[in-house]
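K.L.:
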Amino acid sequence: MLGKVYEYPSRYRTLIQPGERFVYYRGRRRADGSSQTPSYLGYGTIGVITHIGDRLRCTIEDYQAFKKPLPFKDGDRYREPEANHRKAIGFYFQVGVRSIDQNSFDEIVSAGLGDAPRKMVALKRATTTSAQPKPEKKVRDDQAYELALTLAKQEAKSEWPSAKVFQAPSGQYFSLIVKQQNGDSHHIAVKATDASEPRVRLTEGEISYADAHAKTYSLWVFYAVDLEAGIATLIKRKGRITEDDIDLRSAIHGGRLRNTTTGKKIGPIPR
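Heads up: the sequence shown begins at 389 in the numbering used here, then just goes up one per residue.
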């Protein structure tokens, strides 16, 4: 519930910490696949964090909604400065929890409330995050996933040319939704690594979801991700994730896919 609790994947556990401030960001894509103007909705403070299965949930304290949704751009400039320096802007906004600097946080909140600037402790959520810089490996991992997601959309459109492909809402066990003309949907979980072999980490929830939705689920693993060249090697798995695919015990901590002879090179992204 907006302004009350926020449930999120464990990969954001180092970014979301009790006592930190955040602003809510609402992306372009609605759950039904239609578009809307990306905007900021309000701000608050992270409260108590608890584990819900293999995911995390935090309470939201002192939440205050903006008078109306604040567009993510001010004129021709993005309100999050880092976005203005990105060539592939879609990569940046696909990350569910992002860091912004203190001044940008203050300006977004002030613009949203419609009053004079005020100083606060910076933070996060679909838009903000701790003002402290991310570790270098975390940055590389995020960039690899962003590239993989874009390549996955490209590949999905090639595999289902008459379908609509759009990104799943944050917090799902899959990354993309392929909606076909007959109304059927297929869910694709995207994983990425710059390692030379297809190592992947799967939560218990992801494995259970694949098992329960085997007919409409695929796991796409991009490995050997080359950010400069914009390419990667892709291995696809459709249906349940079994011991034939990966050692399920090691997958919780990161395991190597089995039977990888079907991998193929994907990319670069057309310009």
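We treat Cβ as the ideally placed atom computed from N, Cα and C, and that holds for glycine. Here the structure is a predicted model, which means the values were calculated and not measured.
In this structure, does DSSP put alanine 598 in helix, strand or coil?
P.N.:
It is helical.
K.L.:
Quick check on histidine 574: buried or exposed, where buried means 16 or more other Cβ atoms within 10 Å of its Cβ?
P.N.:
Result: buried.
K.L.:
Which same chain residues, not among the five before or five after leucine 615, have their C-beta less than 8 Å away from its C-beta?
P.N.:
Only Arg528, Gln531, Ala532, Leu535, Asp582 meet the Cβ criterion.
K.L.:
Measure the alpha-carbon distance for proline 426 versus arginine 416 and round it to whole angstroms.
P.N.:
Their Cα atoms are separated by approximately 5 Å.
K.L.:
Terminal residues of the continuous alpha helix (DSSP H) containing serine 487?
P.N.:
Counting along the chain, serine 487 falls outside any alpha helix (DSSP H), and DSSP gives it neither H nor E.
K.L.:
I need the boundaries of the beta strand (DSSP E) containing alanine 620, first residue and last residue.
P.N.:
Residues 619 to 626.
K.L.:
So does the stretch 427 to 447 actually touch the stretch 470 to 483, counting three or more Cβ pairs closer than 8 Å?
P.N.:
Contact fails: fewer than three Cβ-Cβ distances are below 8 Å.
K.L.:
Measure the alpha-carbon distance for valine 411 versus glutamine 569 and round it to whole angstroms.
P.N.:
Between valine 411 and glutamine 569, the C-alpha separation is close to 36 Å.
K.L.:
Let me know the secondary structure DSSP gives leucine 590 once reduced to three states.
P.N.:
Coil.
K.L.:
Closest by CA to aspartate 442, which one among Tyr561, Ala580, Ile634?
P.N.:
Answer by Cα proximity: Tyr561.
K.L.:
Count the other C-beta atoms from every protein chain shown that fall within 10 angstroms of the C-beta of arginine 625, then say buried if there are 16 or more, exposed otherwise.
P.N.:
Per the 10 Å Cβ criterion, buried.
K.L.:
According to the neighbour-count rule (16 or more other Cβ atoms, all chains shown, within 10 Å of its Cβ), is aspartate 348 buried or exposed?
P.N.:
Here the chain covers residues 389 to 659 and nothing more, so residue 348 does not appear.
K.L.:
Distance check for leucine 539 and aspartate 489, CA to CA, integer angstroms please.
P.N.:
Computed Cα separation, rounded: 29 Å.
K.L.:
When you compare only the Cα positions, how much space is there between phenylalanine 610 and histidine 601?
P.N.:
Distance between the alpha carbons of phenylalanine 610 and histidine 601 is about 22 Å.
K.L.:
Would you check if the stretch 440 to 454 and the stretch 585 to 603 touch, i.e. whether three or more CB-CB distances between them fall below 8 Å?
P.N.:
Touching, yes.
K.L.:
Assuming isoleucine 657 contacts glycine 618 (C-beta within less than 8 Å), just tell me the rounded distance between them.
P.N.:
With a Cβ gap of about 5 Å, isoleucine 657 and glycine 618 count as contacting.
K.L.:
To test your reading of the DSSP string, which unbroken beta strand (DSSP E) runs of 3 or more residues are found completely within the stretch 411 to 451?
P.N.:
With a minimum length of 3 residues, the continuous beta strand (DSSP E) runs that stay inside the stretch 411 to 451 are 427 to 440.
K.L.:
Could you give the DSSP three-state label for arginine 467: helix, strand or coil?
P.N.:
Note: arginine 467 maps to coil in three-state DSSP.
K.L.:
If you run the structure through DSSP and keep just helix, strand and coil, what is aspartate 494?
P.N.:
DSSP places aspartate 494 in helix when its eight states are reduced to three.
K.L.:
Can you find the residues in the same chain that come closer than 6 Å, C-beta to C-beta, to valine 436, ignoring five residues on each side of it along the sequence?
P.N.:
Thr447, listed in sequence order.
K.L.:
Would threonine 621 and glycine 651 be called neighbours here (beta carbons separated by less than 7 Å)?
P.N.:
Result yes, Cβ atoms of threonine 621 and glycine 651 sit closer than 7 Å.
K.L.:
Ignore the nearest five residues each way along the sequence and tell me which others in glutamate 495's own chain have a CB closer than 6 Å to its CB.
P.N.:
If we look at glutamate 495 and ignore the five residues flanking it on each side, it has no Cβ neighbours.
K.L.:
Spatial neighbours of isoleucine 576 within its chain, please: C-beta separation below 7 Å, excluding the five flanking residues on both sides.
P.N.:
Cβ neighbours of isoleucine 576 beyond the five flanking positions: Ala540, Ala544, Phe562, Ser563, Leu564, Val566, Ser606, Trp608.
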